[in-house]
Amino acid sequence: MVYAIVKAGGRQEKVSVGDIVVMNSIEAKAGDTVELPALLLVDGEKVTTDAAKLAKVKVTAEVVRDEKGPKIVILKYKNKTGYRKRQGHRQSLTRVKVTGIK
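Have a look at this one:
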């Protein structure tokens, strides 16, 4: 089984061909092809970690869609002063499907 560890949106993800990965938002439209930098490649029994060899490895992925993560509610409260602050956040995400490891 061939799989790679790639850097995807500030995190490291283990991917193989056909996997769908949700990562931080990137500047690409649905249907575009993006290339993810490989940090480690496993091809059966052979493990590649050398940076010179990994520079030749291409992990391609197709952008499926943009989406938003779950709502996070941030609430600050101070007792006896009437201070309350409520803030929400939803992270922008991109869903990609890995199409090839070469």
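Each residue of the sequence shown is one higher than the last, beginning at 15 in my numbering. Just so you know, even glycine gets a beta-carbon here, dropped at the ideal spot from N, CA and C. Every value quoted in this text rests on a predicted model; they were computed, and no experiment measured them.
In this structure Val35 touches Glu27 by the C-beta definition: roughly 5 angstroms separates them, less than 8 angstroms. The residues Gly102, in chain order, have a CB closer than 6 angstroms to that of Val87 in the same chain once the five nearest residues on each side in sequence are set aside.
When the beta-carbon positions are compared, Ser106 and Asp80 come within less than 8 angstroms of each other. For Thr74 and Gly96, the gap between their C-alpha atoms comes out near 53 angstroms. Beta bridge pairing from DSSP links Asn38 with Leu107.
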